[in-house]
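Residue numbers (my numbering), protein chains in the order written: chain F, 12 to 230; chain G, 8 to 99.
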Amino acid sequence: MYEVERITIEVVSAVACFILVRFMIKPFRLTGETRYLGLPLGFGFLGLTYAFSALSFSPLFDFPSIGGVQLIVRAFAFLFLAVTYYFSKSAKEPKLLWNMTLGLLSAILAILILYAILSPQFLWPNYGLAQIYVRVFDLVCLSYISIHALKSHIEQPDPTTLMIPLGYILLGIGQYSLLVWAVDASILAFFGALALRLVGLAVFLYVSYLTFYSSKKGG
Amino acid sequence: MKTIQRRDKLKIYGDLLSALYSESSAEKIVLTQVQVKIKVPFDRLKTYITELVNLGLIENEISLELTKKGTQYLREYERVLDFMKRMGLEYR
Chain F
12 MYEVERITIE VVSAVACFIL VRFMIKPFRL TGETRYLGLP LGFGFLGLTY
62 AFSALSFSPL FDFPSIGGVQ LIVRAFAFLF LAVTYYFSKS AKEPKLLWNM
112 TLGLLSAILA ILILYAILSP QFLWPNYGLA QIYVRVFDLV CLSYISIHAL
162 KSHIEQPDPT TLMIPLGYIL LGIGQYSLLV WAVDASILAF FGALALRLVG
212 LAVFLYVSYL TFYSSKKGG
Chain G
8 MKTIQRRDKL KIYGDLLSAL YSESSAEKIV LTQVQVKIKV PFDRLKTYIT
58 ELVNLGLIEN EISLELTKKG TQYLREYERV LDFMKRMGLE YR
């Protein structure tokens with residue numbers, strides 16, 4: 012039911028995320044600091060999970076573990092973003108600590124994906140319950156990022172810094188709606204989550220375009 | 008007590024280019040004013056200027072004018088910094 016609408020939303024979300032990666036990689040490219048790599052990784056992985064979602068509707072795509080892989084990759088996307096915000100707080104954090112965290116997270120992600128493909132019954136004895144736990148985890152990561160971004164806005168009040176916390180909050184409410192959908196299968200909650208996600212991603216795209224394609228500074 | 012945060016070289020280069028750009032409208036760029044703006048010792052300021060000339064971001068050590076490459080770098084630097092601020096990320 013509503014397959015065309017769902018595929019369209021997933022494709023649009025994936026494209027939006029891949030466009031955002033182009034902007035999100037700029038802080039790393041300018042500073043060369045690996046602690047900013049979590050931004051492109053986070054949005055890149057998010058885009059991949061939306062692309063997987065769209066592909067899962069295709070009759071040519073026969074991959075039963077897709078749901079589990081998607082759940083793990085999306086959780087890691089939010090985790091990469093949260094870790095980036097955590098490490099951006101202070102330049103005193105040694106680079107080695109961030110590099111080790113990035114390496115460790117990547118290794119855990121690879122192992123979990125392998126388990127999800129080769130032995131899903133071991134990783135998810137109860138898939139329905141696992142879905143709820145993972146979505147709660149996503150929500151915790153997004154709440155942390157939203158609070159961090161809001162705190163930055165409060166420290167330096169500026170109308171331009173309010174949009175991004177709003178974007179993260181919309182993504183967070185979207186995750187909450189998905190949690191409601193996982194519990195009681197409400198179709199309204201599901202499509203509400205997709206709509207909130209689209210609006211949230213549109214906010215990120217708007218801010219990125221505003222920053223990089225408006226001619227106001229530097230001659 | 009107010010603490011001065013440590014800046015990496017990239018940030019100092021960006022701040023220096025920004026200060027030189029904003030001073031460029033004046034008849035002559037006064038180095039001590041630039042020094043006060045970017046808060047570095049005078050001897051180190053001279054070293055940074057030499058490095059920026061070698062990188063092709065400043066014409067020469069006398070005119071202190073930004074090259075086309077320097078202006079482009081400054082524009083991208085300010086945009087990325089603005090983007091990071093909007094994203095709620097800190098860069099020191």
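Beta carbons: idealized from backbone N, C-alpha and C, even for Gly.
Model, not experiment: these values are computed from the prediction.
Please check if any C-beta of chain F sits within less than 9 Å of the C-beta of residue i.
i      : result
K76(G) : no
K92(G) : yes
V87(G) : yes
D15(G) : yes
L27(G) : no
L96(G) : yes
Taking 9 Å as the CB-CB cut-off, is residue i touching chain G?
i       : result
S117(F) : no
I175(F) : yes
K106(F) : no
A218(F) : First, the residue type needs correcting, since residue 218(F) is Val and not Ala in the sequence shown. It does; some Cβ of chain G falls within 9 Å.
Y96(F)  : yes
T42(F)  : yes
A200(F) : no
F34(F)  : yes
T222(F) : yes
K228(F) : Legend: pLDDT at K228(F) = 48, less than 50; position of this residue unreliable, no value from coordinates given.
Quickly, what does DSSP pair residue i with across the bridge? List them, please.
i      : result
I65(G) : L73(G)
Please report how far the alpha carbon of residue i lies from the alpha carbon of residue j, in whole angstroms.
i       : j       : result
F74(F)  : T57(G)  : 59 Å
Y84(G)  : L41(F)  : 7 Å
L115(F) : T60(F)  : 21 Å
S225(F) : R86(G)  : 9 Å
L62(G)  : P131(F) : 54 Å
L23(G)  : S219(F) : 26 Å
K44(G)  : L52(G)  : 11 Å
G95(G)  : L113(F) : 20 Å
V26(F)  : F56(F)  : 12 Å
L189(F) : F87(F)  : 17 Å
C28(F)  : L140(F) : 28 Å
Chain F contacts from the stretch 47 to 74 of chain G (Cβ-Cβ distance under 7 Å): none
Meets three-Cβ-pair contact criterion under 8 Å: the stretch 11 to 31 of chain G and the stretch 192 to 201 of chain F: no
Segment contact, 8 Å Cβ cut-off, at least three pairs: the stretch 122 to 139 of chain F with the stretch 150 to 170 of chain F: no
Residues in the stretch 59 to 92 of chain F having any Cβ partner in chain G nearer than 9 Å: none
Residues within the stretch 29 to 48 of chain G neighbouring chain F, beta-carbon criterion of under 7 Å: none
At least three beta-carbon pairs within less than 8 Å, the stretch 46 to 62 of chain F to the stretch 88 to 96 of chain F: yes
Residues of the stretch 154 to 165 of chain F whose Cβ lies closer than 7 Å to any Cβ of chain G, in chain order: H159, A160, S163, H164
Segment contact flag, the stretch 77 to 92 of chain F with the stretch 135 to 142 of chain F, C-beta cutoff 8 Å, min 3 pairs: yes
Stretch pair the stretch 29 to 38 of chain F + the stretch 207 to 222 of chain F: three plus CB contacts closer than 8 Å: yes
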